[in-house]
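> The following block contains the structure, expressed as structure tokens.
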Amino acid sequence: MSNVKIHVLHTGAVCVAPDLPFGGDHCNAIKASGIFQPREDRL
14 MSNVKIHVLH TGAVCVAPDL PFGGDHCNAI KASGIFQPRE DRL
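Residues in the sequence shown are numbered from 14 upward in steps of one, following this note's numbering.
Shown next as structure tokens:
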């Protein structure tokens, strides 16, 4: 069996509304954008 190596290349960061990664099927484009949410509440 061969060995597989995985290297993480961190190339930047993004600030998103909590509904984007955790909203599931109940997340629409407006909620996911976080446009009506304060920046400090974003992830």
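Here a beta-carbon is modelled for each residue, glycine too, at the ideal position from N, C-alpha and C.
In this text the structure is predicted, and so the values were computed from the model without any measurement.
Do you know how far the Cα of Pro51 is from the Cα of His39?
Along the sequence shown, one-based indexing puts residue 39 at 26. Along the sequence shown, one-based indexing puts residue 51 at 38. Distance between the alpha carbons of His39 and Pro51 is about 20 Å.
> Only counting the same chain, and skipping five residues up and downstream in sequence, which positions put a Cβ closer than 7 Å to that of Ala30?
By one-based count along the sequence shown, residue 30 stands at place 17. Result list for Ala30: Lys44, Ala45, Ser46, Gly47, Gln50 and Arg55, in chain order.
> Check Ala30 in the structure and name its three-state DSSP category.
For the purposes of this step, residue 30 is identified with residue 17 of the sequence shown, where counting begins at 1. Coil, per DSSP.
> DSSP three-state call for Ser15: helix, strand or coil?
Within the sequence shown, numbered from 1, the residue matching residue 15 stands at position 2. In this structure, Ser15 counts as coil in the three-state DSSP scheme.
> I need the boundaries of the alpha helix (DSSP H) containing Ile43, first residue and last residue.
Counting from 1 along the sequence shown, the entry for residue 43 is found at position 30. Ala42 to Ser46 is the extent of the alpha helix (DSSP H) around Ile43.
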